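Student:
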Amino acid sequence: MRAGSVPGMKITEPPRTTEQRKRDVLARLERELDVWVASAGSDGLPCLVALWFVWDGEAVWVSTRLTNPTGRNLRDGGRARLAFGDTQDVVLLDGKVRTFEGRDVPGSAADAFAAKTGWDPRADSASYAFFRILPYAVQAWHGEHELRGRHLMRDGVWVA
5 MRAGSVPGMK ITEPPRTTEQ RKRDVLARLE RELDVWVASA GSDGLPCLVA LWFVWDGEAV
65 WVSTRLTNPT GRNLRDGGRA RLAFGDTQDV VLLDGKVRTF EGRDVPGSAA DAFAAKTGWD
125 PRADSASYAF FRILPYAVQA WHGEHELRGR HLMRDGVWVA
């Protein structure tokens, strides 16, 4: 098996249905701990970092310092792209960002984040903020044979 490939996945298998892809994406949002977060500053300089996250059934929540490039970009730009998986098992999520500074974060979101990750940013430095990323577009595919039909959400509405 090629390094980085998904066990049990073969390009000769038929593409997954839209419904199966959506189920797979939602399962992934529940079980994974880390996500790649891409943002950009006002100068267009991209920034890519891995952050812990929690999915609340509607949005992804991440936390980072407002004093670092990612925190500033998320707050000021109001958009992010999240990426899961390797090149043979891709999920891309584009979302609108809302920033919650200090103790403004809803307790249910912060509590869920702490329960999943084992870390509570509210008890850490005051420079930490929470960011709610509400998806407006989601894509998922396993290799080239699934590029067609990869758009699972458009304009905030699931197509499945």
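Residue numbers (the working numbering): 5 to 164. The C-beta atom is built at its ideal place from N, Cα and C for all residues, glycine as well. Quick caveat, the model's predicted, so the values are computed rather than measured.
Flag this pair as touching only if the segment 106-124 and the segment 91-98 have three or more C-beta atom pairs under 8 Å; answer yes or no.
Tutor: Cβ pair count under 8 Å is below three, so no.
Student: Under a three-way DSSP split, which group does S112 fall into?
Tutor: Note: S112 maps to helix in three-state DSSP.
Student: Can you check which of these residues, Y140, G122, F135, is closest to L70 by C-alpha distance?
Tutor: That would be F135, whose Cα lies nearest to the Cα of L70.
Student: Run through the DSSP bridge pairs and tell me what G99 is partnered with.
Tutor: Answer is A84, P139.
Student: Using only the alpha-carbon positions, how far apart do V109 and A87 sit?
Tutor: Spanning the two alpha carbons is a distance of roughly 24 Å.
Student: Taking C-beta to C-beta, are L156 and V142 nearer than 7 Å?
Tutor: Yes.
Student: With DSSP run on the structure shown, which of helix, strand or coil describes A119?
Tutor: The answer is helix: DSSP assigns A119 an H, G or I state.
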